[in-house]
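J.: First the structure, which I've put down as structure tokens, then a few questions once you've had a look.
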Amino acid sequence: MALHRLSYRVPPGAPAEELRPRGAHPFSEEELSRIAPVIAGIATLWSGPADGPAALSHTRVPGGGSVLCETSVPPAAGGTTTAAVRDVAAYWLPGGGGDLANATPIETWGSPLWDGTADSSSDAPAVPDWCDDDSLAEFATEHTDRVEPFLADVHRLFADPAGRQIVIAEPDPMTVARWIALACATLTPDCARALTFVLSAQDPSAAPHQIVGIGPGARFDRANETTLRHLYRVYDGLGGPGSEALPGRDDWAGIAAQMWRSGKVPRTAYARAGSSAPFAVEPLQDVLLPAHPVGPGYARWQQATAEPPGAVQDPRTDVSADGWDVPGGAAVPPLAQVREAEATVAPERGTPTASAFAGGSGMPSEGVPDPRAGWYDRAAAAPAASGPLTPAGLHALFACLGAPVPTYPGPAELLAGLAPSACGEVGNTDQLRAEVVTRLLGELERLNSRAPEEWMNVLQALHAVSPPRDRPGTLGEQGRSRQDALETRAAARIARDMLHQRPDGQELATPLGRMARPFVRLVLDQIAKSNPGDEPVTLLRLAASPLGEWLATVHDEAPLRLQLIVKGQRLRAKGTTGLPAFRLLAELLPAERECEPWMARLVWWLAWDTGRPSARDAVDLLGTLPGRLFTGAGIDRELATLIAAPGPPTDALAELADALLNMSADLSPRLRDIAEMLRLGRQLDRAEKAPRKALEEFKGSSVTVSGPSGLRPWIIGKLAVRLAESPPADLYDDYVLRVLSGPLDEELLSAYLTAQLAPNQALRLADTLVAHVEDSARLFMAWQGEQLFGASAWRKDARDLSEGIFGTALRRLPDAERSVYITRVAAQIACLRPGSDGEHRWLDFAAAHPSDTGGDVHPGVLP
Numbered sequence: 004m005a006l007h008r009l010s011y012r013v014p015p016g017a018p019a020e021e022l023r024p025r026g027a028h029p030f031s032e033e034e035l036s037r038i039a040p041v042i043a044g045i046a047t048l049w050s051g052p053a054d055g056p057a058a059l060s061h062t063r064v065p066g067g068g069s070v071l072c073e074t075s076v077p078p079a080a081g082g083t084t085t086a087a088v089r090d091v092a093a094y095w096l097p098g099g100g101g102d103l104a105n106a107t108p109i110e111t112w113g114s115p116l117w118d119g120t121a122d123s124s125s126d127a128p129a130v131p132d133w134c135d136d137d138s139l140a141e142f143a144t145e146h147t148d149r150v151e152p153f154l155a156d157v158h159r160l161f162a163d164p165a166g167r168q169i170v171i172a173e174p175d176p177m178t179v180a181r182w183i184a185l186a187c188a189t190l191t192p193d194c195a196r197a198l199t200f201v202l203s204a205q206d207p208s209a210a211p212h213q214i215v216g217i218g219p220g221a222r223f224d225r226a227n228e229t230t231l232r233h234l235y236r237v238y239d240g241l242g243g244p245g246s247e248a249l250p251g252r253d254d255w256a257g258i259a260a261q262m263w264r265s266g267k268v269p270r271t272a273y274a275r276a277g278s279s280a281p282f283a284v285e286p287l288q289d290v291l292l293p294a295h296p297v298g299p300g301y302a303r304w305q306q307a308t309a310e311p312p313g314a315v316q317d318p319r320t321d322v323s324a325d326g327w328d329v330p331g332g333a334a335v336p337p338l339a340q341v342r343e344a345e346a347t348v349a350p351e352r353g354t355p356t357a358s359a360f361a362g363g364s365g366m367p368s369e370g371v372p373d374p375r376a377g378w379y380d381r382a383a384a385a386p387a388a389s390g391p392l393t394p395a396g397l398h399a400l401f402a403c404l405g406a407p408v409p410t411y412p413g414p415a416e417l418l419a420g421l422a423p424s425a426c427g428e429v430g431n432t433d434q435l436r437a438e439v440v441t442r443l444l445g446e447l448e449r450l451n452s453r454a455p456e457e458w459m460n461v462l463q464a465l466h467a468v469s470p471p472r473d474r475p476g477t478l479g480e481q482g483r484s485r486q487d488a489l490e491t492r493a494a495a496r497i498a499r500d501m502l503h504q505r506p507d508g509q510e511l512a513t514p515l516g517r518m519a520r521p522f523v524r525l526v527l528d529q530i531a532k533s534n535p536g537d538e539p540v541t542l543l544r545l546a547a548s549p550l551g552e553w554l555a556t557v558h559d560e561a562p563l564r565l566q567l568i569v570k571g572q573r574l575r576a577k578g579t580t581g582l583p584a585f586r587l588l589a590e591l592l593p594a595e596r597e598c599e600p601w602m603a604r605l606v607w608w609l610a611w612d613t614g615r616p617s618a619r620d621a622v623d624l625l626g627t628l629p630g631r632l633f634t635g636a637g638i639d640r641e642l643a644t645l646i647a648a649p650g651p652p653t654d655a656l657a658e659l660a661d662a663l664l665n666m667s668a669d670l671s672p673r674l675r676d677i678a679e680m681l682r683l684g685r686q687l688d689r690a691e692k693a694p695r696k697a698l699e700e701f702k703g704s705s706v707t708v709s710g711p712s713g714l715r716p717w718i719i720g721k722l723a724v725r726l727a728e729s730p731p732a733d734l735y736d737d738y739v740l741r742v743l744s745g746p747l748d749e750e751l752l753s754a755y756l757t758a759q760l761a762p763n764q765a766l767r768l769a770d771t772l773v774a775h776v777e778d779s780a781r782l783f784m785a786w787q788g789e790q791l792f793g794a795s796a797w798r799k800d801a802r803d804l805s806e807g808i809f810g811t812a813l814r815r816l817p818d819a820e821r822s823v824y825i826t827r828v829a830a831q832i833a834c835l836r837p838g839s840d841g842e843h844r845w846l847d848f849a850a851a852h853p854s855d856t857g858g859d860v861h862p863g864v865l866p
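In our numbering, the protein residues as written are 4 to 866.
Next comes the structure, spelled out in structure tokens:
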């Protein structure tokens with residue numbers, strides 16, 4: 004068939020239903036909707052370096068078919084990369100890997116299929132050099148000690164419907180690819196094309212593949228004993244311990260490994276024999292030992308055990324009422340039928356099966372266990388009584404253990420043969436409880452890679468009978484650790500389904516309502532951890548979905564992060580945003596000492612999203628939480644952009660700048676200068692800054708020239724008013740006079756003149772000067788006596804100031820008081836500037852301004 008390449012660009016948090024390929028394609032909308040969630044999941048899962056090679060994955064699509072993807076980071080402008088965006092090139096294979104006629108999925112990596120030099124025919128891809136027979140034989144020789152246990156685990160992936168995933172940790176995805184290619188070259192073609200894998204993943208628990216490659220930066224504990232022994236089969240090429248080889252010998256894996264050591268490729272044996280029977284050893288034996296056919300003992304055993312336990316099975320195919328589907332078309336019966344079949348086979352159950360080779364060549368002549376011996380062990384361990392428990396028996400069993408009976412179909416077949424009488428003495432239920440928990444853990448471990456609805460009943464029964472955490476009883480620490488690991492993985496799977504809002508994810512809320520509260524809290528923890536960024540779009544979308552109703556019912560038990568998101572979504576739905584939303588959300592935060600910056604950041608994002616508060620709201624906002632939270636969350640830097648906005652500043656903006664400086668906000672040098680000037684204006688309004696100090700700061704700031712357009716006139720206006728309202732002693736200062744009379748500050752001088760001669764201000768100052776002779780002398784000398792060193796503008800403005808203030812004062816005084824006032828001011832000027840002509844200038848000025856009041860006494864004159 005013809006293959007058509009699809010090209011996707013997947014932004015972070017993109018909803019799967021919105022993903023569509025770029026360019027022309029022959030597929031229907033229904034097909035694109037089926038594969039879109041897989042594309043979205045693969046883009047999120049991939050963890051390759053931004054400048055590294057693309058990575059391959061082969062993923063089964065629910066309902067049939069598979070998708071072959073190559074994931075990479077797209078180049079951005081300037082030669083840099085955008086790590087959050089993914090490019091996904093994909094081939095939709097409606098018939099699964101079998102649509103690739105002449106290659107397995109892994110063999111397409113690096114082939115012309117991806118670089119665009121091949122046509123779209125499935126016959127086009129040729130096997131690249133890196134995975135041809137010679138290269139793989141050399142690779143197997145280099146890793147000879149790991150080949151046999153690895154192939155045994157590959158066998159288990161197919162032999163067990165929910166076999167544990169294989170995790171391969173390597174520094175280079177190409178090494179992972181070689182391991183997968185080695186497995187495919189050992190399997191029959193049907194199995195090789197059915198194998199699912201991803202070469203580079205961030206988190207194996209999020210990968211639905213049989214083989215998962217990870218690098219050094221993956222979120223995966225490679226040293227955790229529970230992970231290595233119970234959850235995964237780990238092959239660690241990064242220096243970690245990896246999983247230990249499981250006991251017993253796998254004939255197929257052992258013979259295949261021997262072929263690789265001998266330089267023979269197993270897939271050639273299947274082609275030579277014309278056989279597609281999965282995991283059959285005869286074709287391998289015929290190639291490895293052509294002169295020594297398999298002995299009659301092994302043949303008799305194979306004939307006697309010709310039933311499904313070793314049949315091929317992918318762990319994630321769907322189970323039907325009669326069995327589960329396998330790539331070869333055979334059906335494997337349910338576990339009960341397997342046990343029944345095994346019970347009729349080979350009276351020496353559990354002993355090694357004879358496999359006689361007629362000769363040496365280094366191969367044993369007997370004592371080689373069959374890979375399906377594990378099924379015997381499981382059957383042998385089952386109680387003598389058989390058959391699923393009746394409803395009454397199930398009720399009696401759980402009642403004996405003091406646990407509520409499940410209200411849905413329980414694991415009756417799994418608990419076959421157990422009854423209250425099996426616990427021995429009445430009331431001594433420890434042994435029975437341990438047996439029930441152990442069986443349930445085994446079943447949960449077997450099914451934990453499948454859809455949650457297939458193991459939720461097992462999990463609920465496990466919660467019902469498990470001993471309290473403070474009294475693990477006969478379960479032991481190891482059993483408890485195993486249970487914790489399995490429950491954590493189950494919770495992560497449920498959380499993942501909910502977050503992706505898969506159809507089964509929508510249906511999980513009801514059974515979760517029947518789960519133990521600690522497990523519900525574990526699910527909520529996994530949901531909260533799933534999207535670690537500051538702006539959890541995925542979590543907000545979940546809260547807005549139908550599942551948000553369930554989240555609201557368990558809101559109080561959720562981690563704080565999830566509580567905030569659920570409440571934030573409910574406020575948004577009501578139209579409550581901005582500062583009111585921030586205040587309501589802040590009520591959920593813990594005490595000040597326990598509050599952390601990420602909490603403030605999340606509340607900020609929920610309240611404003613991509614918007615910003617007004618300056619007035621920003622001031623109120625900074626009063627809601629301690630300043631360290633805003634600086635730690637980076638909110639101070641975002642608020643600081645408000646103070647650099649063009650246009651005239653406002654009192655609210657000055658208050659915001661003052662608050663940011665008081666909280667030691669992380670500001671750039673320019674923003675800090677702007678904030679300092681805004682705070683100076685606020686201090687001038689409050690008369691908290693002396694004129695000289697204010698002028699020094701004003702003259703020393705560069706932003707009064709290069710800052711926002713409205714800042715300079717605003718601060719000059721504040722300075723002018725402050726100078727006009729200052730005591731004369733503050734104005735009679737050499738620095739102040741030099742600034743006012745200097746040639747470069749005509750704008751400031753003009754503003755000062757306007758403020759000083761304002762009608763109300765002029766009268767107020769005139770009355771004040773009449774009552775304070777020394778201040779009058781100082782101010783007159785500042786305006787008149789020092790005018791010779793000033794610029795021409797200052798000399799003119801100084802005359803206007805003297806006329807407006809002293810002229811008004813002298814005209815309003817009665818003659819008697821006026822004479823006393825003139826005499827005292829002249830004497831004071833002589834003391835301030837002895838030998839100067841200031842006294843004569845004052846007397847001349849006073850003579851030119853006679854009284855307008857006649858003999859009336861002015862209230863401001865002291866007798």
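Just so it is clear, CB atoms sit at the ideal spot from N, CA and C, and this is done for glycine as well.
Within a Cβ cutoff of 6 Å, which residues of the same chain sit near Phe223, ignoring the five residues on either side of it in sequence?
T.: Position 220 of the sequence shown, counted from the first residue, corresponds to residue 223. Excluding residues within five positions, the ones whose Cβ falls inside 6 Å are Pro207 and Ile217.
J.: Measuring only the C-alpha atoms, how far is Gly390 from Ala283?
T.: In the sequence shown, the residue the question calls residue 390 occupies position 387. In the sequence shown, the residue the question calls residue 283 occupies position 280. Legend: pLDDT at Gly390 = 47, less than 50; position of this residue unreliable, no value from coordinates given.
J.: Between the Cα of Ala260 and the Cα atoms of Ile718, Ala186 and Gly67, which residue gives the shortest distance?
T.: Translated into positions along the sequence shown, residue 260 becomes position 257. Checking every option, the nearest Cα to that of Ala260 belongs to Ala186.
J.: Indicate, with yes or no, if the ligand HEM has a heavy atom lying under 6 Å from the CB of His775.
T.: Because no ligand of any kind appears in the structure shown, any question about the ligand HEM cannot be addressed here.
J.: Among the residues of its own chain, which have a CB less than 8 Å from the CB of Gly243, if the five just before and after it don't count?
T.: Numbered from 1 along the sequence shown, position 240 holds the residue referred to as residue 243. Cβ neighbours of Gly243 beyond the five flanking positions: Ala172, Arg225, Ala226 and Val237.
J.: According to DSSP, is His852 helix, strand or coil?
T.: Within the sequence shown, numbered from 1, the residue matching residue 852 stands at position 849. Coil at His852, not helix or strand.
J.: Measure the alpha-carbon distance for Pro562 versus Glu34 and round it to whole angstroms.
T.: The residue labelled residue 562 in the question sits at position 559 within the sequence shown. The residue labelled residue 34 in the question sits at position 31 within the sequence shown. Rounded to whole angstroms, Pro562 to Glu34 spans 38 Å at the Cα level.
J.: Let me know if Cys834 comes out buried or exposed under the rule of 16 or more other beta-carbons within 10 Å of its beta-carbon.
T.: For the purposes of this step, residue 834 is taken as residue 831 along the sequence shown, with counting starting at 1. With fewer than 16 Cβ atoms within 10 Å of its Cβ, Cys834 is classed as exposed.
J.: Please classify Glu20 as buried or exposed, where buried requires at least 16 neighbouring CB atoms within 10 angstroms.
T.: By one-based count along the sequence shown, residue 20 stands at place 17. Counting Cβ neighbours within 10 Å, Glu20 comes out exposed, since fewer than 16 surround it.
J.: Would you kindly report the start and end of the unbroken beta strand (DSSP E) that includes Glu141?
T.: Working through the sequence shown from its first residue, we reach residue 141 at position 138. Note, Glu141: premise wrong, no beta strand (DSSP E); alpha helix (DSSP H) at Asp136 to Glu145.
J.: Count Cβ pairs between the stretch 36–48 and the stretch 190–199 that sit closer than 8 Å; are there 3 or more?
T.: In short, these stretches do not touch, since the Cβ pair count stays below three.
J.: Skipping 5 residues on each side, what residues in its chain have a beta carbon closer than 6 Å to that of Leu338?
T.: As a working mapping, residue 338 is identified with position 335 in the sequence shown. Low local confidence applies: a pLDDT of 32 at Leu338 is under 50, so the model's placement there is unreliable, with the coordinate-based value given in what follows. So the list is empty, once near-sequence residues are dropped.
J.: Taking DSSP as the reference, what is the three-state secondary structure of Gly216?
T.: Counted from its first residue, the sequence shown places residue 216 at position 213. Strand at Gly216.
J.: Between which residues of its own chain and Val439 is the CB-CB distance below 6 Å, once the five residues before and five after are set aside?
T.: In the sequence shown, the residue the question calls residue 439 occupies position 436. The residues are Val468.
J.: Start and end of the beta strand (DSSP E) containing Cys72?
T.: Here residue 72 corresponds to residue number 69 of the sequence shown, with the count starting at 1. Here the beta strand (DSSP E) through Cys72 covers Ser69 to Ser75.
J.: In the DSSP assignment, what residue or residues form a beta bridge with Val170?
T.: The residue you call residue 170 lines up with position 167 of the sequence shown. Its beta-bridge partners are Val215 and Val237.
J.: Express the C-alpha separation of Arg492 and Leu554 in angstroms, rounding to a whole number.
T.: Stepping through the sequence shown from its first residue, residue 554 is reached at position 551. Stepping through the sequence shown from its first residue, residue 492 is reached at position 489. In a straight line, the C-alpha of Leu554 is about 20 Å away from that of Arg492.
J.: Going by DSSP, name the residue or residues bridged to Tyr824.
T.: Counting from 1 along the sequence shown, the entry for residue 824 is found at position 821. According to DSSP, Tyr824 bridges with nothing at all.
J.: State buried or exposed for Tyr755, treating a residue as buried only when at least 16 other CB atoms are found within 10 Å of its CB.
T.: For this step, residue 755 is matched to residue 752 along the sequence shown. Buried: at least 16 other Cβ atoms inside 10 Å.
J.: Is Asp90 helix, strand or coil when you go by DSSP?
T.: Residue mapping note: residue 90 aligns to position 87 of the sequence shown, counting from 1. Note: Asp90 maps to strand in three-state DSSP.
J.: Under a three-way DSSP split, which group does Trp182 fall into?
T.: Start at 1 with the first residue of the sequence shown, and residue 182 comes out as number 179. The answer is helix: DSSP assigns Trp182 an H, G or I state.
J.: Please state whether the Cβ-Cβ distance between Glu750 and Ile719 is less than 7 Å.
T.: Here residue 750 is taken as the residue at index 747 of the sequence shown, counted from 1. Here residue 719 is taken as the residue at index 716 of the sequence shown, counted from 1. Result yes, Cβ atoms of Glu750 and Ile719 sit closer than 7 Å.
J.: Restricting to Cα atoms, I'd like to know which of His503, Leu542, His558 and Leu160 is closest to Arg524.
T.: In the sequence shown, counting from the first residue as 1, residue 524 sits at position 521. Checked all of His503, Leu542, His558 and Leu160; the closest Cα to Arg524 is His558.
J.: Quick check: the Cα distance between Arg436 and Ala531, rounded to an integer number of angstroms?
T.: Within the sequence shown, residue 436 is the residue found at index 433, counting from 1. Within the sequence shown, residue 531 is the residue found at index 528, counting from 1. Each residue's Cα considered, the two are about 33 Å apart.
J.: Skipping 5 residues on each side, what residues in its chain have a beta carbon closer than 6 Å to that of Gly16?
T.: Within the sequence shown, the letter at position 13 stands for residue 16. The residues are Val540 and Thr541.
J.: May I have the straight-line CA-CA distance separating Thr107 from Trp607, to the nearest angstrom?
T.: In the sequence shown, the residue the question calls residue 107 occupies position 104. In the sequence shown, the residue the question calls residue 607 occupies position 604. The alpha-carbon atoms of Thr107 and Trp607 are separated by roughly 50 Å.
J.: Between Leu71 and Leu96, which are expected to be in contact by the criterion C-beta below 8 Å, what is the C-beta distance as a whole number of angstroms?
T.: Here the question's residue 71 lines up with position 68 in the sequence shown. Here the question's residue 96 lines up with position 93 in the sequence shown. About 6 Å; that satisfies the 8 Å criterion.
J.: Should Glu820 be labelled buried (16 or more other beta-carbon atoms within 10 Å of its own) or exposed?
T.: As a first step, residue 820 must be located in the sequence shown, where it is residue number 817. Buried is the call here.
J.: Reducing DSSP to helix, strand and coil, say where Ser36 ends up.
T.: Mapped onto the sequence shown, residue 36 falls at position 33. Here Ser36 sits in helix by DSSP.
J.: Can you tell me which residues form a DSSP beta bridge with Ala204?
T.: As a working note, residue 204 is residue 201 in the sequence shown. Its beta-bridge partners are Trp49.
J.: Hey, how far is the Cα of Val64 from the Cα of Ser203?
T.: As a position in the sequence shown, residue 64 is number 61, starting the count at 1. As a position in the sequence shown, residue 203 is number 200, starting the count at 1. The straight-line gap from Cα to Cα measures roughly 19 Å.
J.: Which residues does DSSP pair with His61 in a beta bridge?
T.: Taking the first residue of the sequence shown as 1, we reach residue 61 at position 58. Answer is Leu71 and Phe200.
J.: I'd like to confirm the pairing. Which residues does DSSP put opposite Val13 in its beta bridges?
T.: On the sequence shown, residue 13 is found 10 positions in, with the first residue counted as 1. Answer is Arg89.
J.: Where Thr230 and Gly516 are concerned, what is the direct C-alpha to C-alpha distance, given to the nearest angstrom?
T.: By one-based count along the sequence shown, residue 230 stands at place 227. By one-based count along the sequence shown, residue 516 stands at place 513. Roughly 28 Å between the two C-alpha positions.
J.: Per DSSP, what are the beta-bridge partners of Leu96 in this structure?
T.: Counting from one through the sequence shown, the residue named residue 96 turns up at place 93. Answer is Ser69.
J.: Under three-state DSSP, which class holds Arg8?
T.: Sequence index remark: in the sequence shown, residue 8 carries index 5 (1-based). It is a strand residue.
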